[in-house]
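Residue numbers (UniProt numbering): 1 to 521. For every residue, glycine included, the Cβ atom is placed at its ideal position computed from N, Cα and C. In what follows, a structure is listed as structure tokens, so that the remarks can point back to it.
Right, here's the structure in full:
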């Protein structure tokens, strides 16, 4: 067996670090080539890392939630030695074969070197997060693992695999889990394998074992859970063997652990489970902590940077319009009963999205971008409609491409898919870039109006308030009607007050009388 270390590759976004969200594997798991082993968050996108080797997981360097720099080692693999040909094994100075089917100088994915283009099958000079120079494979300092000619030829015929785009594992099952190794084995490979292990940064230590690693031979086997959940249970002193999971197939979720901790708080429960949790002092039983410090990272950090950039770059102005949306509510009820919308999630957001797309066509100034560097106003001839989504990972604004070309059925389908994907944490980078105008539905939280901050680079954002039964003048009499308030924030560099008012009035006209849409297209 040979130990191979996989370093965090450059994910192609020019970033120097990423947050490791979750491991899909654990020490002792058997994995196949290109099987997904981890989820990494960068620039609000969740990227899946495929395995560059087939073998067994020997060591995990990083805990979930930690920020990792590109090129830092994250996992060790124990792989079978190449069979007996000349130059096989770990040698120095040979042409390295890294994480992909390279063949060119420095096409490895080793630790400690300059970050390249990821763990793909490049073949060009320096195409990988490898160390050294020519011949630097999966080892450190330029010592590559020479590959026999036959193996190199076979590797060259393999289809190149990019990070996050590896072929799916057949069957989609979790990796086969072997008997859990001892703590000593988890910390470092044993025997002769240690000599083949690349040198790791002394500042990176092996992660603490989860609760299950501390169980004795006669202890109960823990129920199914993910690494972040096991770490949370360990921090809160919750015994996973006593819990019944409420997730899919009995999976123990974060909510299960928190509920168990609230019912039976452990004596060693910490104030937070972040990297500096060990520095916090546990609060006395029955008292709430006076303050709690949480590292600014991940989605929260990116959202904060974007909001500050928007608020202090674009001069915001906000207008409000309260309207009687009873006709739209009645229309929704009729549409839900129609065959065309059978099984579709049809809400007020769907109607508002369609109304906005029509209003943009009549008021193109709100669908524009201020190009400061070129000193130009870029007006878009398409609508990439952003929808602000509150997800478990934080605020995201994925967008529907070319939303103005979709009919109401297709728009309902696109909104449903966008929301479900965002809540599941599977939103891709493409959906998070290129937006031209956005909607935020604050009404789902029972809020009537607000002053939303623009998504950076956009000229307008519309907030939808809650729909409430309100006394309203209708046909000369006061009646209970369904009333909603719309809030429009816009970039006053791009949009004048009159333009914003006409845009907002057009949306209000459609919502108060959907038949008026026919006069606007």
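Q) Leaving out the 5 sequence neighbours to the left and right, which residues in its chain are closer than 6 Å to residue 508 when beta-carbon positions are compared? A) The residue labelled residue 508 in the question sits at position 508 within the chain shown. Excluding sequence neighbours, residue 508 sits near 321 and 323.
Q. For residue 492, does the three-state DSSP call read helix, strand or coil?
A. Stepping through the chain shown from its first residue, residue 492 is reached at position 492. The three-state secondary structure of residue 492, taken from DSSP, is coil.
(Q) Please classify residue 59 as buried or exposed, where buried requires at least 16 neighbouring CB atoms within 10 angstroms. (A) Locating residue 59 in the chain shown gives position 59, where the first residue counts as 1. Buried.
Q. When the distance is taken between beta carbons, is residue 422 closer than 7 Å to residue 389?
A. By 1-based counting over the chain shown, the position of residue 389 is 389. By 1-based counting over the chain shown, the position of residue 422 is 422. In this structure, residue 422 lies closer than 7 Å to residue 389 by Cβ.
Q | Segment limits, alpha helix (DSSP H) that includes residue 348 | A | Counted from its first residue, the chain shown places residue 348 at position 348. Counting along the chain, the alpha helix (DSSP H) containing residue 348 begins and ends at 348–362.
**Q.** Where residue 401 falls: helix, strand or coil (DSSP)
**A.** Residue 401 sits at position 401 when you count from the first residue of the chain shown. Coil at residue 401, not helix or strand.
Q | Span of the beta strand (DSSP E) around residue 438 | A | For the purposes of this step, residue 438 is taken as the residue at position 438 of the chain shown. From DSSP, the beta strand (DSSP E) with residue 438 extends over 437–441.
**Q.** For residue 40, three-class secondary structure by DSSP
**A.** Walking along the chain shown from the start, residue 40 turns up at place 40. Looking at residue 40 - three-state DSSP - the assignment turns out to be strand.
Q: For the beta strand (DSSP E) holding residue 19, just list the boundary residues, first then last.
A: Locating residue 19 in the chain shown gives position 19, counting from the first residue. Where residue 19 is concerned, the enclosing beta strand (DSSP E) stretches over 17–23.
Q.
Using only the alpha-carbon positions, how far apart do residue 467 and residue 350 sit?
A. Taking the chain shown and counting its residues from 1, one reaches residue 467 at position 467. Taking the chain shown and counting its residues from 1, one reaches residue 350 at position 350. Rounded to whole angstroms, residue 467 to residue 350 spans 14 Å at the Cα level.
Q. So the beta strand (DSSP E) residue 322 belongs to, where does it begin and stop?
A. One-based indexing of the chain shown puts residue 322 at position 322. 316–324 is the span of the beta strand (DSSP E), which, as asked, contains residue 322.
Q. Using the C-alpha atoms, what's the distance from residue 53 back to residue 2?
A. Residue 2 sits at position 2 when you count from the first residue of the chain shown. Residue 53 sits at position 53 when you count from the first residue of the chain shown. Near 11 Å, if we compare the C-alpha coordinates of residue 53 and residue 2.
(Q) Can you check which of these residues, 17, 356 and 232, is closest to residue 259 by C-alpha distance? (A) By 1-based counting over the chain shown, the position of residue 259 is 259. Among 17, 356 and 232, the Cα nearest to that of residue 259 is on 232.
Q.
Below 8 Å, how does it come out for the stretch 432–441 and the stretch 356–371: are there three or more Cβ pairs, yes or no?
A. yes
Q) Roughly how many angstroms lie between the CA atoms of residue 391 and residue 453, to the nearest whole one? A) Indexing the chain shown from 1 puts residue 391 at position 391. Indexing the chain shown from 1 puts residue 453 at position 453. Approximately 18 Å, taken between the alpha carbons.
Q: List in chain order: all unbroken beta strand (DSSP E) runs of 3+ residues lying wholly within the stretch 449–514.
A: Restricted to the stretch 449–514, the beta strand (DSSP E) segments that are unbroken, complete and at least 3 residues in length are 460–464, 468–474 and 477–491, listed in chain order.
**Q.** Three-state secondary structure (DSSP) of residue 68
**A.** By one-based count along the chain shown, residue 68 stands at place 68. The answer is strand: DSSP assigns residue 68 an E or B state.
**Q.** Local conformation of residue 520 per DSSP, three classes
**A.** On the chain shown, position 520 is the one that residue 520 refers to. Coil at residue 520, not helix or strand.
Q: Just tell me which of 325, 475, 469 and 428 has its CA closest to the CA of residue 11.
A: For the purposes of this step, residue 11 is taken as the residue at position 11 of the chain shown. Out of 325, 475, 469 and 428, 428 has the C-alpha closest to the C-alpha of residue 11.
Q: Under the assumption that residue 449 contacts residue 495 (Cβ atoms under 8 Å), give the Cβ distance between them as a whole number of angstroms.
A: Residue mapping note: residue 449 aligns to position 449 of the chain shown, counting from 1. Residue mapping note: residue 495 aligns to position 495 of the chain shown, counting from 1. Contact doesn't hold; Cβ gap of about 19 Å is too wide.
Q. In the DSSP assignment, what residue or residues form a beta bridge with residue 4?
A. As a working mapping, residue 4 is identified with position 4 in the chain shown. The partner list for residue 4 (beta bridge, DSSP) reads 77.
Q: Go through its chain and collect everything with a Cβ distance to residue 512's Cβ below 6 Å, but skip five positions before and after it.
A: Taking the first residue of the chain shown as 1, we reach residue 512 at position 512. Excluding residues within five positions, the ones whose Cβ falls inside 6 Å are 323 and 324.
Q. With 16 other CB atoms within 10 Å as the buried threshold, where does residue 465 fall?
A. If you number the chain shown from 1, residue 465 lands on position 465. By the neighbour-count rule (16 or more Cβ atoms within 10 Å), residue 465 is buried.
Q.
On a Cα-Cα basis, can you pick out the residue from 330, 80 and 240 that is closest to residue 514?
A. Numbered from 1 along the chain shown, position 514 holds the residue referred to as residue 514. Closest by alpha carbon: 330.
Q: Spell out the partners DSSP gives residue 329 in its beta bridges.
A: Here residue 329 corresponds to residue number 329 of the chain shown, with the count starting at 1. DSSP, once it has assigned bridges, lists no residue as partnering residue 329.
Q) Nearest-angstrom Cα distance between residue 332 and residue 20? A) Residue 332 sits at position 332 when you count from the first residue of the chain shown. Residue 20 sits at position 20 when you count from the first residue of the chain shown. Cα to Cα, residue 332 sits roughly 42 Å from residue 20.
(Q) Within a Cβ cutoff of 6 Å, which residues of the same chain sit near residue 344, ignoring the five residues on either side of it in sequence? (A) Along the chain shown, one-based indexing puts residue 344 at 344. These residues qualify, in order along the chain: 412.
Q. Out of curiosity, what's the CA-to-CA distance linking residue 358 and residue 521?
A. Here residue 358 corresponds to residue number 358 of the chain shown, with the count starting at 1. Here residue 521 corresponds to residue number 521 of the chain shown, with the count starting at 1. Rounded to whole angstroms, residue 358 to residue 521 spans 7 Å at the Cα level.
Q: Assign residue 70 to one of two classes, buried (16 or more other C-beta atoms within 10 Å of its C-beta) or exposed (fewer than that).
A: Reading the chain shown from its first residue, position 70 is the one you call residue 70. Buried.
Q) For the candidate residues 249, 477 and 75, whose alpha-carbon lies nearest to that of residue 28? A) For the purposes of this step, residue 28 is taken as the residue at position 28 of the chain shown. When each option's Cα is compared against that of residue 28, the closest is 75.
Q) With a CB to CB cut of under 6 Å and the five nearest residues on each side skipped, what residues in its chain are close to residue 469? A) Translated into the one-based positions of the chain shown, residue 469 becomes position 469. Only 480 meet the Cβ criterion.
Q) Name the DSSP bridge partner or partners of residue 369? A) Indexing the chain shown from 1 puts residue 369 at position 369. Answer is 378, bridged to residue 369.
Q: Could you check what DSSP says for residue 292 in three-state terms: helix, strand or coil?
A: For this step, residue 292 is matched to residue 292 along the chain shown. Correct three-state label for residue 292: coil.
Q: State the Cα-Cα distance for the pair residue 173 and residue 302, rounded to the nearest angstrom.
A: The residue given as residue 173 occupies position 173 in the chain shown. The residue given as residue 302 occupies position 302 in the chain shown. Reliability of the predicted coordinates at residue 173 is poor, the pLDDT of 43 falling under 50, and no value is obtained from them.
Q. If we ignore side chains and look at the alpha-carbon of each, how far apart do residue 503 and residue 41 end up?
A. Residue 503 sits at position 503 when you count from the first residue of the chain shown. Residue 41 sits at position 41 when you count from the first residue of the chain shown. Going by the C-alpha atoms only, they are around 37 Å apart.
Q: Since I believe residue 39 is in contact with residue 22 (beta carbons under 8 Å), could you give me their beta-carbon distance rounded to a whole number of angstroms?
A: The residue labelled residue 22 in the question sits at position 22 within the chain shown. The residue labelled residue 39 in the question sits at position 39 within the chain shown. Rounded, the Cβ-Cβ distance is 5 Å, consistent with contact.
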